[in-house]
Structure formats: C-alpha cells, structure tokens
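Protein chains in written order, with this note's numbering: chain D, 1 to 485; chain W, 1001 to 1478.
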C-alpha cells in the first residue's frame, strides 16, 4: 500500500519496525501533494527539502537503534497561523505574506521532539476569520469530496490536506469552530481542546480568550495521538493550565455502556439542514445501541452565543491585529509618508475585506460608550453559557450536537453575505465561549457530502469526547471511506 | 493653581523585562539588540509576568501608604504609536473589572521649611515603550528611528491627586519620592530616563493641560514654570486656555501642542486576555513588609536622635538617599555631625549644582570631607582655604591634604614670613596705616589686605597680633 494511505500511528509503527523508511513516507506524501495540490490547494507552502533531511535523520536514528518519538517520520500539516522557525507564516494574509518567524510555536517544538515532520503550512481564512477558507489572500482551498465546494474554515487547508491524504495529521486552530467546521465539511476528525490545555505560544492571535490549537486526522486514534503530543503545560503561555501530561489514546476502545449523552435541542432546531438533523439523530441512536443513555438537553441561553462570540472575537482581534503596521515586519506601503499615513496605508493595502470588517466592528464594540453595551455584556453572556454547560454536565457525561447546521456549500455561495457566513458558526461558538473541549467526527453522508457531529465534554475531559468519537467510528457503516480525487 | 503628576519609574533593580526574559540593562547598547519575540510583540508571542516586579510594586505601595489590591489585573491600552511594538500597551487601569495593584496612599515632604502632604490616586505596573529618535526635534525631523531595547522594561506609574500648588512643590515632592524609591532599592533615579513624568496643570479659569515627555525631575519645574507663564500670558490677552496635551521640548525648553481635547484618544481598555489575574495574598504583603528597608522618614527620625541634627537638616539630608548615605559615612569618620551637615547642605550642594552632578557621582568621597574638616580643626587651613580645597577636591578627585600640599595652602604661622607680608602691605597702603594709627577700628582693612596677599593662608589671629604690634611700635617710634 502507498504510505500516504496510512494513518499516523501505522506510519510511525512501520518506521519503528523498519517496514518503511521515513524517507519513503515523506516522498510518498510529497508526490501525493504534487498530484493533488493543483486541485485541492490545501497548502500555502510545502517544505520539500527540509522534510527529506529530517526524514533521513530519523531513518539514521532507527538504523542505529536509537529511541524514536511517537510521531517518528509522520508528516504533519500545520495551519499557517502557527509559527515555524525560518518558515514563512502568513496567516493567509498579504500583510504577513513574507513574514518568517524567528521561533517555533510550542506545539511545533513538541511535534519535532517526537520526531514528527512539519511537511507544509496550510491555507486558511485570512487571520482565521471565516468559515470557508475563501478569505485567504492566496485563494480558496477546495473540498476534496466535491471540488466545487468549500472545505469549511478557517482551518480549511488542514482539514482538506488530511481528507485528501496529503498528510496523515494536521494542526488547526479553533476560535469559534475553525477546527470542527472544516473537519465536519471534509469528513475528518478534529478536536478543539479545553481552553488552557494546549499552549498558544506561537499561535498568531485572532481572539486570545477563545482559541486553542488542536489536531485533525482521518481517525480518532490519530487525533488522540497528536493531542497527547501537543497538550500540556507551557510556562510561555500564562493561560496554559498546569496539569500532568496525558496519553489520550489510552481511553479509546472503552465501551459506551452507561455513558449519559445529552442531545442539545437548541442546536438541532430551526435553521438546521434536515439531512444534518437526521444524521445526528441517527448517530444518537447508534450510540444508544452501543449502550449509551441518550436524553435531550435544552440550554436556551445558547441563542445568545453567536452575537456574544462575534463581539468578543472582533474586539480582541481589533487589538491583536493593531501590531501589523508595516514598521517592524510584514507588508509596508511603498510610499514614504509620515508614520500615521504609513500605518493607515499599509493596513488598508495589507488586510483583506473581512479582516477590516472585523477590526472596525471590534474597535467600535470596545469604544467608550459602547464597551458596557457590547463587550462587557458579551462577557456576561459567556459566563452564563459556561454556567449552563456546567449545569448540563451535572445531568449528562457529554453533549451531542451537529457541528455545522448545513452541508458544505459551494465556493462563492455565501462569501458576499457575511451575516449568512457568521450564522454558520452557530453550533460551534458556544464551546469556545465556555472553554470546553469538543470533537467533531463524521456521522454520515448526504449526497456524497460528509456530515459532522460534535461531542462536547466537561473541561479537560477530552478523553470522554474521544472515547465516543472512537466508538462510533468503529461501528460506522462508512468507516474508511475517502474522497475520490 | 492645581498640578497633578504621573510619574513613570522604571524598576531598575529588576534584571529582566516585565513580560520576557530579556535583560533590562539596555542603556548604551546597540539599538534593537536587547529584544526577543515577546518584547518585540512578534505575531504569536505571549507575555509572561515577571513575578519579582509584582513584589517590588507591592513594596513601593507599602512605602507610599497605599492599599494593596488582593487581586490585580492587566489591561490593554490601545493606541497607535511607533514606539509600541504591539500598538497597545499592557498596563493597568480601573476598567472592566480591572484593578490596579495599589490605590490611595500619600507622601509627606518639605517645601522650603513648610511641610506638605500629597495624596496618591493609584499605582500600577506597565511596560515601557521603545524609544524614538528624531533628527533634531519632533516637529522638524524628516524621519523617526525606533529602538525597542527599552520596550517591555517594567515601569511603575504613580499618579498623584492634583494637589500640588507650585512648580517648586512638584520638584520637592519628586525629590522625596525618588528618595523613597532609592531607599527601597527598586529604582535608581540617577539612570537616564529611569524616572519620567507627565504633568497636568490647570490655572484658575483655564482648561487642564497635560505636558508629556518630561524626562527628568529637574525639567518638571522648568516645564511647569514655562506652562504657567504661557497660560497666564494667554489669559491676560483674553485667550481661553483649552484642554490639550502638550509635548515638552527639553532642547528648546518650551512646550508644543500635541492634540486638543477633541482629538483625545479613546484607549479602548479591556482585560489582557493573555495574562491571568495576579493574586496578592496578605501573607505575601506581610512578608514584604517585614523585609522593608529603612525609609527616609524613619531615617530622618534616627538622624534626629543619633546625630542630634535639627529637623530641617535631617529632612533635607534624607530627601536624597545618596546624600544621607554620604552624611552617615562621613559622620563615622568625623565626630561633629552638625558640621558635616552644614558643609553638605551648604558648600557641597553648591558645588554639586554648578558641576551638575549628583553626590554619588561626585569626586568627593566621605573620607575627603572628613579629612578636610579635620585639617580645619587642627588649624592647618582656614575656612576660606577649606572652601577652595573643596572645589579642588570635587573637580579633580584629589585628597584634601594632597591639594593643600600641592597648592601650598598651609596656614602661614611662621612669624618672619608673616611679618614680611605685613611689611609689604604697610608699604603699599600708607594711607591705611596712617588711619589705623589714629583709629584702631580701621585696622581690619590692613588685616584683610594681608589675608588677601597670602591668598587667605595667613593665620588671622596671628596676623591681627602682628599688625597691632607693628602699629604700636610705630606709635612709640614717632
């Protein structure tokens, strides 16, 4: 079998057992990338030479009988808002088109410490602002299941790369659903960790208080594997929580007997595509068949989640993105003007329309006279949502909901209607406001397009969410299905 | 007239910056070499609070009689300026649930001989921006250069109530504040830019004017005086003083308008999401309180008791840590503390002013002052010579006895030598001699001339006696 068809765990096992070399694997992925990228456009950059050298190093280690890491020889696609030392990290923005970070994000260091190989940087919505990967300065990524459709976003490149077998593993970031949305649209597994589980050091901020880096893979096991590598305390991130490291693959395979699953009524309600509702309810029945106890749970406060999320995210973004002024790095206007004009003109020319929209709205929401009405109120909503989740978790172990209220839409279908696009995040944002972990996994197909369900767990219970996703995946009729490309 | 001050004081005793591990020893270094992704605000970098900075801030709060917050937060102050790598400053402000590290408090100080107390509004921690360099001055420079070595240095902002009533009061307050901070060992005010100040001033019938960019305490008095004159002139002409922000140009010693009220910035403060709340336990506060060094007011009390100094002297000396240290060193070597105090507050201070140095950078060592005082006591030099010796010591850093030896400033006690000088004076001023023969009171003129002729080295009593003797001989002879 071609190595690119293998999962991450299989690859590292085969390399360790000398059934495969890391070089063979990497070459296999590189040629897969070469043949599919013209169609899929998952990557912003591919690290051709560097990855071969790294693979050879790992092969030497294996040959000498040295210990190799959990991700030995495994190619990892990294979203282009995660800093990689010496490798362009663009946030898919013109303003960072040539930005080369002098340092690695903590998650990249951890992947490399386990002998994983960053094979390339993946496309995304500009500064992670979007749900379709269409706001990328480098052009959109396509959905591997239907090239006329969007892969979701903002980690659309990462999800598409994994889905199209251009990498077995990928890193995304999830501010309001940016891992789960593309995971759902591309038929892969994606996990948004508890806030504070994974270091954000090196993640170029969109909305700091909401976002986490998380793994994407074709199967739950690989997803758990990558989470085990990147998770854990980092003293460079003050919001990272000091807990003992964990191997998330261990809890997989536990059966679901007695597990209480709450199906979130609000998220399968009005405005959700019937096919999605049907698939999620069927998933719930399947879980029941496997011994889980399903019940409906209602959290009415979730109806305020979307506006609260956008206000907080945009407010933080307006401040986070202030640093792109053309003085120290990044795009700078050609004209020699006074500094105020250089700032304004560089930003006008360097940012795309959606980014500007969010900066303007966020600036407005933080302004004197509006702060209480918008920003502060949103924080209060977030607190209420967090509390209502806490209450729900007194009744059930995990919650089940659709990841997206709709099926992957066509490129260009929604891009000119920002509100309609924002509405797509309605099912994913509550999790970010509450800082909870959630896994999106494929729960069915409709007319050849994947549908994702998400399992939401209490803080730091990624193990539970992964356990459900893994159990379902083992029993799913479409297990192992991949897009035809 | 109401004056309020915002003092920005670097916590210079910290080895590293406020939110990263970069060295804080940036002075005189190649621009933009003491930086890292965090203090440069590179995309993806995150701040981590220097816990030692919190401890120092709490100590300052205790020394200034403030109330320490049990929990404190950081906020972002958003505005675009090229000296700020992130175009926001991580600071503290009472907004959106954020509380500064300490509030309230007061400082007592002496203005001339009057005691005054100023209340403080709040104390907070924030990061220093980088430094801008202009070609010439801000309004004429064709470009601006930025050095981020300073960016991220821990800064303590101390905000007073607008209770100061004159530029001299502002200076006296700052002097006392600096002394307190130096006694605490948190900040060395002698370092360039370590203590900076913004001043708010409003005079009767005018709007509030904020003067920024005052980079030394000496300039505070200058800038305030300039502003008062400017504003009073305008009022006389019937021009309304508008609320505005002005820039102190320390080269031309004037203020320039930066922006008027309508252009005032909305800083859009909100909680810094990359930092977590900082808890300051009562145990920590008490531990720090127990480790507090002696502060100026306590030291003053000790000076009263241990050295028997008058209150004024004790206050003046302890208003400057280096001066107080100098005094104590010197008093160890010379057992008349009041004389030491007199010299320090008089001639030494005068020399320091005209040489424009602080006592700890001066070439005068405590042992030199003690040595000089002993030379005087032994009668080796007169007070007049002593003043000259002091100048020489402070200029060249030589010991007093070396100066006296090299200059041959020993008191002239040799009779023959003195008689020679006197004979010369009598020869030069026959009229004065005649007068003295008639009226004994005019003898002082001749004494003065003799002293002058010897460059002040003549022993005054001996000179007096010899002149009287010579005059009486002349009377007898006639």
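Each residue gets a CB set at the ideal place from its N, CA and C atoms; glycine is no exception.
Please read these numbers as outputs of a predicted model, since none were measured by experiment.
Taking the beta carbon of residue i as the centre, do at least 16 other beta carbons fall within 10 Å, making it buried, or is it exposed?
i	result
residue 264 of chain D	buried
residue 139 of chain D	exposed
residue 123 of chain D	buried
residue 992 of chain W	Residue 992 of chain W is absent from the model: chain W starts at 1001 and stops at 1478.
residue 338 of chain D	exposed
residue 148 of chain D	exposed
residue 350 of chain D	buried
residue 1 of chain D	exposed
residue 408 of chain D	buried
residue 1315 of chain W	buried
residue 1472 of chain W	exposed
residue 1353 of chain W	exposed
residue 1071 of chain W	exposed
residue 47 of chain D	buried
residue 287 of chain D	buried
residue 1438 of chain W	exposed
Keeping to the same chain, check which residues put their C-beta closer than 8 Å to that of residue i; ignore five residues upstream and five downstream.
i	result
residue 1188 of chain W	1012, 1013, 1182 and 1194
residue 1368 of chain W	1393, 1399 and 1400
residue 1296 of chain W	1176, 1179, 1180, 1183, 1318, 1319, 1321 and 1324
Since residue i and residue j should fall inside the 8 Å C-beta cutoff, what is the C-beta to C-beta distance between them, to a whole number of angstroms?
i	j	result
residue 189 of chain D	residue 219 of chain D	6 Å
residue 1157 of chain W	residue 1329 of chain W	Between residue 1329 of chain W and residue 1157 of chain W the Cβ distance is about 34 Å, and since that is not below 8 Å, they are no contact.
residue 183 of chain D	residue 440 of chain D	4 Å
residue 1203 of chain W	residue 1242 of chain W	Contact doesn't hold; Cβ gap of about 13 Å is too wide.
residue 457 of chain D	residue 381 of chain D	Incorrect: roughly 22 Å between the Cβ atoms, too far for contact.
residue 226 of chain D	residue 215 of chain D	4 Å
residue 964 of chain W	residue 1289 of chain W	Since the displayed chain W opens at 1001 and closes at 1478, residue 964 of chain W lies outside it and no answer follows.
residue 1057 of chain W	residue 1099 of chain W	The Cβ separation is near 13 Å, so there is no contact.
residue 471 of chain D	residue 255 of chain D	7 Å
residue 1457 of chain W	residue 1412 of chain W	5 Å
residue 427 of chain D	residue 465 of chain D	Wrong, their Cβ atoms sit about 15 Å apart, outside the cutoff.
residue 299 of chain D	residue 388 of chain D	5 Å
residue 491 of chain D	residue 463 of chain D	Any answer about residue 491 of chain D is impossible in this case: the structure gives chain D only from 1 up to 485.
Name, in chain order, the residues that DSSP records as bridge partners for residue i.
i	result
residue 95 of chain D	None, per the DSSP bridge assignment.
residue 117 of chain D	D:75
residue 43 of chain D	D:122
residue 1214 of chain W	W:1197
residue 215 of chain D	D:171
residue 1247 of chain W	W:1212 and W:1256
residue 425 of chain D	According to DSSP, which records beta bridges pairwise, residue 425 of chain D is partnered with nothing at all.
residue 1107 of chain W	W:1118
residue 294 of chain D	D:261
residue 1124 of chain W	W:1157
residue 1091 of chain W	W:1075
On the three-state DSSP scale, how would you describe residue i?
i	result
residue 111 of chain D	helix
residue 446 of chain D	strand
residue 1360 of chain W	helix
residue 1003 of chain W	strand
residue 1325 of chain W	helix
residue 466 of chain D	helix
residue 1149 of chain W	helix
residue 1065 of chain W	coil
residue 300 of chain D	helix
residue 1113 of chain W	coil
residue 1420 of chain W	helix
residue 374 of chain D	helix
residue 1408 of chain W	coil
Using a Cβ-Cβ cut-off of 7 Å (strictly less than) and excluding sequence neighbours within five positions of residue i, which residues of its own chain qualify?
i	result
residue 36 of chain D	164, 166 and 485
residue 1169 of chain W	1111 and 1116
residue 32 of chain D	4, 165 and 166
residue 1090 of chain W	1019, 1047, 1074, 1076, 1126, 1127 and 1272
residue 1034 of chain W	1022, 1023, 1026 and 1149
residue 1339 of chain W	1373
So, at 6 Å on beta carbons, what are the nonlocal neighbours of residue i in its own chain, with the 5 sequence-adjacent residues on each side left out?
i	result
residue 14 of chain D	20
Less than 6 Å between the CB of residue i and some heavy atom of the ligand FAD, yes or no?
i	result
residue 350 of chain D	Looking at this structure, you won't find the ligand FAD or any other ligand, since it has none at all.
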